[in-house]
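For reference, the structure is listed below as structure tokens.
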């Protein structure tokens, strides 16, 4: 039951995905989307690079495991009787706070985008919706890889 309700939230959030993508890709020179989990911290080399990169990049970080974490929290100590479990689960979902919902929406959009880009593992960093760098949690290093690749592949 919880999984069905969270999937509905996921679909609702992903419907807004196309608008968010279209808006964000027009604002800055380079779109950077990070696909990760809450236990993998994305890092920068230094604060100066952080500021410089943020000026050049439209950065979005998606924590893909947020829905699962919320689902696990909602499922804690549910009774074995399905009718009671359903009632309690619905009450818990209705009581989700304003801090939890953005994380769920972020994960839903991230999962939809990961499928669109055919991202099959994480961490993954997608540049301009076209090039994926896998396995790095250091955004500066991933950006270096991408920019080096881009320079070598320019016509």
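In the working numbering, the protein residues as written are 35 to 189. For glycine and all other residues, C-beta sits at the position ideal for the given N, C-alpha and C.
Task: residue 141 CB to nearest heavy atom of the ligand NAP below 7 Å - done: Of the ligands one can find in the structure shown there are none, so the ligand NAP has no counterpart to examine.
Open item on the list: Which residue wins for smallest C-alpha separation from residue 172, given the options 67, 76 and 63?
Closed with: Residue 172 sits at position 138 when you count from the first residue of the chain shown. Cα-wise, what sits closest to residue 172 is 76.
Task: Backbone secondary structure at residue 59 - three-state DSSP - done: In the chain shown, counting from the first residue as 1, residue 59 sits at position 25. Residue confidence is low: residue 59 scores 41 on pLDDT, short of 50, so the model does not pin down where it sits. Its coordinate-derived value is still stated next. Note: residue 59 maps to helix in three-state DSSP.
Task: Neighbourhood of residue 158 by C-beta distance below 6 Å, restricted to the same chain and skipping five residues each side - done: The sequence position of residue 158 within the chain shown is 124, counting from 1. So the list reads 69, 166 and 168, once near-sequence residues are dropped.
Task: Inside the region 114–138 only - alpha helix (DSSP H) runs reaching at least 4 residues - done: Within the region 114–138, the complete alpha helix (DSSP H) runs of at least 4 residues are 116–128.
Task: Three-state secondary structure (DSSP) of residue 104 - done: One-based indexing of the chain shown puts residue 104 at position 70. Three-state result, residue 104: helix.
Open item on the list: Distance check for residue 106 and residue 184, CA to CA, integer angstroms please.
Closed with: The residue labelled residue 184 in the question sits at position 150 within the chain shown. The residue labelled residue 106 in the question sits at position 72 within the chain shown. About 41 Å.
Task: Identity of the residues DSSP links to residue 70 by a beta bridge - done: By 1-based counting over the chain shown, the position of residue 70 is 36. 97, per the DSSP bridge assignment.
Open item on the list: For a quick check, are the C-beta atoms of residue 142 and residue 101 less than 8 Å apart?
Closed with: As a working mapping, residue 142 is identified with position 108 in the chain shown. As a working mapping, residue 101 is identified with position 67 in the chain shown. A Cβ-Cβ contact shorter than 8 Å links residue 142 with residue 101.
Task: Residues that DSSP places opposite residue 150 in a beta bridge - done: Looking up residue 150 in the chain shown gives position 116. Paired residue(s): none; residue 150 is not in a bridge.
Task: Of the listed residues 94, 151 and 170, nearest to residue 67 (C-alpha basis) - done: The residue labelled residue 67 in the question sits at position 33 within the chain shown. Among 94, 151 and 170, the Cα nearest to that of residue 67 belongs to 94.
Task: Three-way DSSP call (helix, strand, coil) for residue 51 in this model - done: The residue given as residue 51 occupies position 17 in the chain shown. The predicted model places residue 51 with a pLDDT of 43, which falls under 50 and marks its position as unreliable, so this point remains unresolved.
Task: Neighbour-count burial assignment, residue 133, 16 or more Cβ in a 10 Å radius - done: Sequence index remark: in the chain shown, residue 133 carries index 99 (1-based). Around the C-beta of residue 133, fewer than 16 other C-beta atoms lie within 10 Å, and the residue is accordingly described as exposed.
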